[in-house]
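Peer 1: Protein chains in written order, with the numbering used here: chain A, 1236 to 1450; chain B, 1236 to 1450.
For each residue, glycine too, the CB sits at the ideal point set by N, CA and C.
Before I ask anything, let me first share the structure, which is written out below as structure tokens.
2 protein chains.
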Amino acid sequence: MDGRAQRGERTRKAVAAEAAAIASVHGLAGMTLAKVATELGVSKSSIQAAYGTKEELQLAAVGAATDVFLTHVIVPALAAPEGLPRLVALSESWLAYIEQLVFPGGCFMGATLSEFDSRPGVVRDALAGARGAWLGILEQQAAIARAAGDLPAEPSAALVAFEVDALLAAANMSRNLSDDIAPLDTARTLIALRLGTAKPAARMKRATRPKTTAS
Amino acid sequence: MDGRAQRGERTRKAVAAEAAAIASVHGLAGMTLAKVATELGVSKSSIQAAYGTKEELQLAAVGAATDVFLTHVIVPALAAPEGLPRLVALSESWLAYIEQLVFPGGCFMGATLSEFDSRPGVVRDALAGARGAWLGILEQQAAIARAAGDLPAEPSAALVAFEVDALLAAANMSRNLSDDIAPLDTARTLIALRLGTAKPAARMKRATRPKTTAS
């Protein structure tokens, strides 16, 4: 690549990343070329030079958001062993990604999936593909956890994945509505109950109390 | 009210209901006065006469959608006794409301909450209020069920409400993305597991088999 092509590629990446950030607040339909241009401090025509149509830019935003999700949620969880520990690590890195507001509007997928789920087309397909991949990762780890005897046989791995994702998505929405991170803990507690990883704090306290009294 | 005022009121109601239907597919930002006018076969100026600003129409759409939700989800469930039966009835009427596509885009709240959850203002306040009322109804019934000993002490009633709502919302999104009603059954199964109302079909079958063999 010569210098000009490299600059062009950097511009396209910066535009796609900004489009994803704006879409997390305003949706992919509300993400206009004008808004992206203003945020980046460039002309609208330079955005149009990078992406010819709004749909192209919407698809680029989905791609950029997927890269962010991989970096912030999937990659950190790879440090945990497969199965139940990886499933917990994926939930935790997801909650951290929301708590840190990696995207200004919380979860990019949460903001855009509901927007496009009733509008068939290439943008919906891209979003559905990304969601399917995420649910697939959760299901795979749940299946490994079940095979290892770390999760009960019921519900199925697919249902565990559905539930973990549902709780995380609801926490994202509650957090956005309330500007309060308490819903993230609600999701954490309910996920721990489903995965059987909840610490029985109350029971432990009761078990240790007699010892203290005796000493 | 004289005839003219009554006609005006009917027009306002029809406009608000159409606005809610369009918003369930296109979002409250994508719901334009022009789209509402086209769907109702009236002029854009007659829509403007009914609602002066887009924000007024957005708020009217939230109100109309809340009425539909009350009619299709809350009222049918009132036939069930309070507590666990009412909680199950609320989930079932919600799933029926989604299966029947009462709104063309599935759940009105699902389509609009994610759209507005990062945009402070009167529309977000109205949506958050409606969501809070729904969660409050679920929590109240969960609390009654716990007091009656029909639900375990943990998780709390608020957490049960959060989980039921999260599973229903995820089912709505999955159904919209796939044009398949199977996700509604997924939510039904997971809610039954949380509420302890799941029928142990496999175990019952195993229990009856020896009898059949013996006879």
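For Leu1292 of chain B, count the other beta carbons within 10 Å of its own beta carbon; 16 or more makes it buried, fewer makes it exposed. Which is it?
Peer 2: It counts as buried.
Peer 1: Does the segment 1401–1421 of chain B come close enough to the segment 1345–1361 of chain A to have 3 or more Cβ pairs within less than 8 Å?
Peer 2: In short, these stretches touch, since the Cβ pair count reaches three.
Peer 1: Could you give the uninterrupted runs of the alpha helix (DSSP H) lying entirely in the segment 1266–1319 of chain B, keeping only those of 4 residues or more?
Peer 2: With a minimum length of 4 residues, the continuous alpha helix (DSSP H) runs that stay inside the segment 1266–1319 of chain B are 1268–1275, 1279–1285 and 1289–1304.
Peer 1: Using 8 Å as the threshold, is the segment 1272–1283 of chain B in touch with the segment 1294–1311 of chain B, meaning 3 or more CB pairs across them?
Peer 2: Short answer: they don't touch.
Peer 1: Return yes when the C-beta of His1307 of chain B is under 8 Å from any heavy atom of the ligand GTP, and no when it is not.
Peer 2: This structure lacks the ligand GTP, and indeed carries no ligand of any kind.
Peer 1: Tell me the DSSP secondary structure of Gln1376 of chain B in three-state form.
Peer 2: If DSSP states are grouped into helix, strand and coil, Gln1376 of chain B belongs with the helices.
Peer 1: Could you work out which residue in A:Ala1388, A:Ala1368, A:Ser1281 and A:Glu1317 is closest to Thr1246 of chain A when comparing CA atoms only?
Peer 2: It is A:Ser1281.
Peer 1: In whole angstroms, what separates the C-alpha of Val1271 of chain A from that of Glu1253 of chain A?
Peer 2: Using only the alpha carbons, I get a separation of about 6 Å.
Peer 1: So, does the segment 1389–1396 of chain A touch the segment 1361–1379 of chain A, judging by three or more C-beta pairs under 8 Å?
Peer 2: Touching, per the Cβ criterion.
Peer 1: Closer than 9 Å by beta-carbon distance: list the chain A residues that pair up with Phe1397 of chain B, in chain order.
Peer 2: Ordered by position in chain A, the residues that pass the 9 Å Cβ test against Phe1397 of chain B are Leu1402, Ala1405, Ala1406, Ser1409, Pro1418, Thr1421, Ala1422 and Leu1425.
Peer 1: At 9 Å on the CB atoms, spell out the chain B contacts of Val1260 of chain A, in chain order.
Peer 2: Those are Ser1353 and Arg1354, listed as they occur along chain B.
Peer 1: Between which residues of its own chain and Val1310 of chain A is the CB-CB distance below 8 Å, once the five residues before and five after are set aside?
Peer 2: Hits under 8 Å: none found.
Peer 1: Would you identify the three-state DSSP class for Met1439 of chain A, choosing helix, strand or coil?
Peer 2: Note that Met1439 of chain A has pLDDT 40, beneath the 50 cutoff, so the model's placement of it is unreliable and no number is given.
Peer 1: Can you name, in chain order, every residue of its own chain whose Cβ lies under 8 Å from the Cβ of Leu1330 of chain A, other than the five neighbours on each side?
Peer 2: Once the five neighbours on either side are set aside, the close Cβ partners of Leu1330 of chain A are Leu1403, Ala1406, Leu1419, Ala1422 and Arg1423.
Peer 1: If you draw a straight line from the alpha carbon of Gly1345 of chain A to that of Arg1242 of chain A, how long is it in whole angstroms?
Peer 2: In a straight line, the C-alpha of Gly1345 of chain A is about 32 Å away from that of Arg1242 of chain A.
Peer 1: Please list the partners that Pro1390 of chain B has in chain A, where partner means a Cβ-to-Cβ separation under 8 Å.
Peer 2: Within chain A, the residues near Pro1390 of chain B are Thr1424, Leu1425 and Leu1428.
Peer 1: Going residue by residue through the segment 1363–1419 of chain A, where are the continuous alpha helix (DSSP H) segments of at least 4 residues, counting only ones entirely within it?
Peer 2: Qualifying alpha helix (DSSP H) stretches, in chain order: 1392–1413.
Peer 1: Please list, in chain order, the chain B residues whose beta carbon lies closer than 9 Å to that of Ala1346 of chain A.
Peer 2: Ser1349, Glu1350, Asp1352 and Ser1353, listed in chain order.
Peer 1: So which residues on chain B does Gly1341 of chain A lean against when the C-beta distance must stay under 8 Å?
Peer 2: By Cβ distance, chain B contributes Asp1352 and Ser1353.
Peer 1: According to DSSP, simplified to helix, strand and coil, what is Ala1433 of chain A?
Peer 2: In this structure, Ala1433 of chain A counts as coil in the three-state DSSP scheme.
Peer 1: Measuring only the C-alpha atoms, how far is Ile1257 of chain A from Gln1335 of chain B?
Peer 2: Each residue's Cα considered, the two are about 34 Å apart.
Peer 1: By the criterion of Cβ-Cβ separation under 7 Å, what are the contact partners of Gly1265 of chain B in chain A?
Peer 2: Going along chain A in sequence order, the residues near Gly1265 of chain B (Cβ under 7 Å) are Ala1264.
Peer 1: Excluding the five sequence neighbours on either side, which residues of its own chain have a C-beta within less than 7 Å of the C-beta of Gly1265 of chain B, listed in chain order?
Peer 2: None.
Peer 1: By the DSSP assignment, the alpha helix (DSSP H) with Ser1349 of chain B in it spans what residues?
Peer 2: Its alpha helix (DSSP H) spans residues Phe1343 to Phe1351.
Peer 1: Please go through the same chain and pick out, in chain order, the residues whose beta-carbon is closer than 7 Å to the beta-carbon of Ala1251 of chain B, but skip the five residues on each side of it.
Peer 2: Closer than 7 Å at the Cβ level, and outside the excluded window around Ala1251 of chain B, lie Ala1295, Ala1296, Gly1298 and Ala1299.
Peer 1: Mind checking if Lys1446 of chain A is an interface residue toward chain B, Cβ cutoff 9 Å exclusive?
Peer 2: Note that Lys1446 of chain A has pLDDT 40, beneath the 50 cutoff, so the model's placement of it is unreliable and the number below is only indicative. With 9 Å as the cut-off, Lys1446 of chain A does not count as an interface residue toward chain B.
Peer 1: Considering only C-alpha positions, which residue in the set B:Leu1319, B:Glu1389, B:Phe1338 and B:Leu1268 is nearest to Gly1287 of chain B?
Peer 2: The shortest C-alpha separation from Gly1287 of chain B is found at B:Leu1268.
Peer 1: Would you report the Cα separation of Arg1321 of chain A and Ala1427 of chain A, rounded to the nearest angstrom?
Peer 2: If you take the alpha carbons of Arg1321 of chain A and Ala1427 of chain A, they lie about 13 Å apart.
Peer 1: Which one of B:Ile1416, B:Ala1249, B:Leu1430 and B:Lys1434 has the shortest CA to CA distance from Tyr1332 of chain B?
Peer 2: The residue with the shortest Cα to Cα distance from Tyr1332 of chain B is B:Ile1416.
Peer 1: Taking Ser1413 of chain B as the reference, which of A:Gly1356, A:Glu1398, A:Ile1372 and A:Thr1432 has the closest Cα?
Peer 2: For Ser1413 of chain B, the nearest C-alpha among the options comes from A:Gly1356.
Peer 1: Does the beta-carbon distance from Arg1366 of chain A to Glu1398 of chain A come in below 9 Å?
Peer 2: Result no, Cβ atoms of Arg1366 of chain A and Glu1398 of chain A do not sit closer than 9 Å.
Peer 1: When the cut-off is 9 Å and only beta carbons count, does Ala1264 of chain A lie next to chain D?
Peer 2: The chain inventory of the structure shown lacks chain D, comprising the protein chains A and B.
Peer 1: Would you say Leu1412 of chain A faces chain B, with C-beta separation under 9 Å as the test?
Peer 2: By this cut-off, Leu1412 of chain A is an interface position.
Peer 1: Determine, using beta carbons only, whether Arg1239 of chain B comes closer than 9 Å to chain A.
Peer 2: No, Arg1239 of chain B lies away from the interface with chain A (no Cβ there is under 9 Å from its Cβ).
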